Amino acid sequence: MKRLTLTICLALAAIMAMNAAPGGDDFTSAGDVKPSMLYVPLVYDNHSTEAAIRQHESKPLYALDAGDEWLQEAMADSEHARSVRQRAMIDNPQLVVYNASRLPEAPPEGVIPGDPRQGKLTIAPPQVAAPEDVKPVDTLPLQVHNWLHVFNASLQFTQAYISGNWYQGGENNLALLGSINWNCNLNTDIHPNWLFNNALSYKLGVSTTHGDSIRKYLINEDNFLFTSQLGYKAVKNWYYSAMLQFTTQFLNNYKTNTRTMTAAFLSPAELNLGLGMTYNYKKADDRMFTLAIAPLSYNLKYCRNITDIDPTRFGIEAGKHCKHSFGSNFEAKWLWRFTPNVMLTSRLYMFTDYRYVQGDWENTLDMSIGKYLTTQLYTHLRFDRSRTRDDDWNYWQFKEILSLGVVYRFATVN
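Set out below in structure tokens:
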């Protein structure tokens, strides 16, 4: 009650000071008072130097293109009043009765109900009812997401160029290409010492064959790839790791205008296992780099159907289903998102048993057009010295695919 009385007294003193102020430009009428801090009691709140005041007066804080005279006038009046009040407090400190830091607190906000029978008002705190469906924070269950999933599927029209010695066969064409990509990675924010990344991709391309009199369409792209990395942190971004890679295709493929089969399910298939070190670097979601080095590596090449398919196309001896090799391998993956709609991914893989070298370099430039449309440029350069040498391409093979179509992406956690 004392605080409320003090506040009312200060307000009445300010009103009396304004009513007693001399006439002039400060008043437009008896009931229209021009507001000014010159007519309220002196209360010390802060200190500003004269240099700062002169700077404000000479260089306004605000500048409008036109019609800012009212603003400049109001700012000048405010700074002038502030300067006068400061000079008055410096010259007459005995008039400064209050300090802003020591003023009593304002009365709390509340509801003021009245009782006409007793002729009094009471101040009661407001009653705020908590919603029934809201639980305290400490009672909410903590959800931990151990796995991060990213899935995308696309259906695209493509133009492809394939070298004549490509190990899975095929020819230059215009086709329809469908692809599925799924990544399931361990959440390193929850498990900082572990690295467990899994990726699965499948591409299937079908094209019409204008130059083939035997069949109406050919499979020009049929590639299933699964990779997995399990690692335990050694130091900083380096992990002791074990790596697995498996690739094959599912459907039969034939050479144009012949019944010669060039590829089929598990023909070829390739499995690679390795032990070594993995370097993992990630900067937000726009740059990621992974380098896996396996000095101890096992490679298995397999051809299930050696009756209709020549296994020497895959580096396997004639008449045999498989080939075992021990050596070393490394894999590097790089993702760079230039803009939210343009992304480049690259993968370089190499294996050697110190007698031959096999390598794959894949690059995909993804340019999104809106949310569901995308254009992709895919290139695949392959080197395999274990297979028969080609007169035109030597041991090199090359594939290029330019596609335009629709894509669907989503990400989940569990």
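When we follow our numbering, the leftmost residue of the sequence shown carries the number 2, and every step to the right adds one.
Where is the CB? At the ideal position from N, CA and C, for every residue including glycine.
Computed from a predicted model, the values in this text were never measured in an experiment.
Residue j beta carbon less than 8 angstroms from that of residue i
i, j, result
"N258", "I215", "yes"
"F247", "F266", "no"
"N199", "H146", "no"
"L219", "Y255", "yes"
"Y162", "E363", "no"
"W394", "N224", "no"
"Y350", "D361", "yes"
"S329", "T353", "yes"
"S208", "L175", "yes"
"G316", "K334", "no"
"Y240", "N186", "no"
"D385", "Q359", "yes"
"P94", "V112", "no"
Candidates the options: closest to residue i by CA position
i, options, result
"L276", "P296, T261, L122, A270", "P296"
"R305", "N253, T279, L292, Y282", "N253"
"T413", "V151, V112, Q87, E70", "V151"
"F347", "Q359, E332, P341, D354", "Inspection of the sequence shows that residue 347 is occupied by Ser rather than by Phe. Out of Q359, E332, P341, D354, E332 has the C-alpha closest to the C-alpha of S347."
"F327", "N221, N224, L405, Y355", "Y355"
"M289", "E110, Q359, W337, N166", "W337"
"K283", "M351, L196, V408, L403", "L196"
"L272", "M278, T308, S229", "S229"
"Y409", "V97, S79, A154", "A154"
"C323", "I307, N93, T375", "I307"
"H192", "D46, W148, Q144, T365", "W148"
"D46", "D69, T353, R83", "R83"
"L274", "S298, Q87, K204", "S298"
"T263", "A270, K237, R314, T376", "R314"
"G371", "T340, R386, L226, Y396", "T340"
"Q157", "T375, G120, Q119, L104", "T375"
"Q160", "Y396, Q377, N415", "Q377"
"K204", "K217, F227, R118, N194", "F227"
"R388", "W71, V85, Y357, Y99", "Y357"
"N238", "P312, Q73, M278", "M278"
"V41", "V97, A75, E70, L72", "V97"
"D287", "T261, L345, G320, A319", "L345"
"S180", "D116, N415, T365, L382", "T365"
"Y396", "N184, Q73, S164", "S164"
"G170", "R260, K121, R118, Q144", "R260"
Assumed close pair residue i, residue j - CB separation to whole angstroms, cut-off 8 angstroms
i, j, result
"A89", "L43", "6 angstroms"
"S268", "I310", "5 angstroms"
"P114", "A107", "Between A107 and P114 the Cβ distance is about 20 angstroms, and since that is not below 8 angstroms, they are no contact."
"Q398", "Y168", "6 angstroms"
"Y379", "V407", "The pair is not a contact, with the Cβ atoms about 16 angstroms apart (cut-off 8 angstroms)."
"L178", "S369", "Actually they do not touch by this definition, with Cβ atoms about 17 angstroms apart."
"G212", "E222", "That pair is no contact at about 18 angstroms."
"A270", "T249", "4 angstroms"
"M244", "A293", "5 angstroms"
Residues that DSSP places opposite residue i in a beta bridge
i, result
"E332", "A293, Y350"
"G165", "According to DSSP, G165 bridges with nothing at all."
"R410", "N153"
"C185", "H150, N199"
"F327", "Y299"
"N238", "Bridge partners of N238: none, in fact."
"A176", "T159, S208"
"G232", "L196, S242"
"N306", "Beta-bridge pairing links N306 to no other residue."
"L405", "F158, T376"
"D223", "L205"
"L43", "DSSP output for L43 lists no bridge partner at all."
"R338", "M344"
Tell me the start and end of each unbroken alpha helix (DSSP H) in the stretch 354 to 399 that is at least 4 residues and wholly inside, in chain order. Entirely contained in the stretch 354 to 399, not one alpha helix (DSSP H) run reaches 4 residues.
Could you name each continuous beta strand (DSSP E) segment of 3 residues or more that falls completely within the stretch 245 to 291, going from the start of the chain to the end? For the stretch 245 to 291, whole beta strand (DSSP E) runs of length 3 or above, ordered along the chain, are 262 to 264, 270 to 284.
Minimum length 4: unbroken alpha helix (DSSP H) runs contained in the stretch 62 to 131: Runs of the alpha helix (DSSP H) lying entirely within the stretch 62 to 131, each at least 4 residues long, are 70 to 92 in chain order.
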